[in-house]
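Shown next, in structure tokens, is the structure this report addresses.
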Amino acid sequence: MRVLLLKDVYKLGHAGDIKKVADGYGRNFLIPQRLATLATAAAVRQAETLRENAAISRAKLNAQLAGVAEKLTALVLTFAVKAGDTGKLYGSVTTAQIADEIKKVSGLDIERRNVGHQPLREIGEFKVPVRLTTDLIPSVTVILHREGEARKTVEAAPASVAEAAAETEAPAAEAPAADAAA
Numbered sequence: 002m003r004v005l006l007l008k009d010v011y012k013l014g015h016a017g018d019i020k021k022v023a024d025g026y027g028r029n030f031l032i033p034q035r036l037a038t039l040a041t042a043a044a045v046r047q048a049e050t051l052r053e054n055a056a057i058s059r060a061k062l063n064a065q066l067a068g069v070a071e072k073l074t075a076l077v078l079t080f081a082v083k084a085g086d087t088g089k090l091y092g093s094v095t096t097a098q099i100a101d102e103i104k105k106v107s108g109l110d111i112e113r114r115n116v117g118h119q120p121l122r123e124i125g126e127f128k129v130p131v132r133l134t135t136d137l138i139p140s141v142t143v144i145l146h147r148e149g150e151a152r153k154t155v156e157a158a159p160a161s162v163a164e165a166a167a168e169t170e171a172p173a174a175e176a177p178a179a180d181a182a183a
């Protein structure tokens with residue numbers, strides 16, 4: 002089925018584009034939600050006008066949300082989580098939890114569907130994209146650390162158990178050499 006997009010649709014296209022989609026997707030989602038219409042000859046003639054109007058409105062919306070994007074880029078979210086010795090979490094930090102924390106910290110109401118990341122399952126620092134518009138996608142810094150540990154230890158945390166063992170052995174080997182030099 003060929004459809005003319007009336008609005009920007011994430012991962013499909015911008016308003017005014019003519020796309021081929023599955024019959025069910027077009028008939029059951031795009032057309033009832035007024036995101037698209039059938040690509041008839043009359044609709045195709047209107048596509049260029051629709052494309053120009055959508056580009057203008059998209060630019061205005063991006064300009065309005067630029068301040069919000071700057072706020073989100075500067076935002077650092079910290080979660081204290083339960084994790085094993087290898088750094089794997091005993092659960093995960095989901096997009097809903099990230100969206101709730103953004104609302105709690107900054108007051109910005111972001112839908113969980115707009116947080117574009119899989120659930121986080123390891124300790125560390127992550128850049129999580131937040132989709133405001135199809136063109137404007139700032140990243141929020143999310144830091145996961147073990148409950149009861151300081152945040153600074155997370156930033157220097159090794160990626161695996163083997164690296165952790167190597168780091169604990171290396172300072173022990175250097176200490177006697179420093180004592181011998183003194």
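Numbering of the sequence shown is given in this note's numbering, commencing with residue 2 and proceeding in unit increments. Quick reminder that beta carbons are idealized off the backbone N, C-alpha and C, glycines included. Source: prediction; values computed, not measured.
DSSP three-state assignment for residue i, whether helix, strand or coil
i	result
Y11	coil
R28	helix
I144	strand
G68	helix
A84	strand
I19	strand
I103	helix
V109	In the sequence under discussion, the amino acid at residue 109 is Leu, which differs from the Val named in the question. L109: coil per DSSP, three-state reduction.
E1	With the chain running from 2 to 183 in the structure shown, residue 1 is simply not present.
D180	Residue confidence for D180 is low, a pLDDT of 41 falling below 50, so the modelled location carries little weight; the figure read from the coordinates is stated next. Of the three classes helix, strand and coil, the one that applies to D180 here is helix, per DSSP.
A167	The pLDDT assigned to A167 is 37, lower than 50, so where the model puts this residue is not dependable; a value taken from the coordinates is nonetheless given after this. Note: A167 maps to helix in three-state DSSP.
Beta-carbon proximity list for residue i, same chain, < 6 Å, skipping 5 on both sides
i	result
K21	R3
R147	A84
R28	none
E156	Its pLDDT being 43, under 50, E156 is placed unreliably by the model, and nothing is read from it.
D9	H15, A16 and T135
A24	Looking at the sequence shown, residue 24 is not Ala but Asp. Excluding positions up to five away in sequence, the list reads M2.
Same chain only: Cβ atoms within 7 Å of residue i, ignoring 5 sequence neighbours per side
i	result
A97	R113
A158	For A158, the pLDDT reaches just 40, beneath the cut-off of 50, and the residue's location in the model is therefore unreliable, although a value from the coordinates is still provided. These residues qualify, in order along the chain: G88, I124 and G125.
D110	K104
A160	Caution applies to A160, whose pLDDT of 42 falls short of 50 and renders its modelled position unreliable; the value that the coordinates give is listed next. The answer is none, since no qualifying residue turns up.
A48	L5, G17 and I19
F127	L121 and V143
Sequence-distant residues of its chain with Cβ nearer than 8 Å to residue i (five each side left out)
i	result
L7	A16, R35, L36, A37, T38 and L51
A100	I111, E112, R113, N115 and V116
I32	V4, T38 and L39
L78	I99, E102, I103, V106, V141, T142, V143 and I144
A70	L133, L137 and P139
Identity of the residues DSSP links to residue i by a beta bridge
i	result
P130	S140
V94	L121
T79	I144
A37	L6
K61	According to DSSP, which records beta bridges pairwise, K61 is partnered with nothing at all.
K89	E123
V116	V131
Check: Would you call the stretch 135-149 and the stretch 62-77 in contact, with 3 or more CB pairs under 8 Å?
Finding: They touch, by the three-pair rule.
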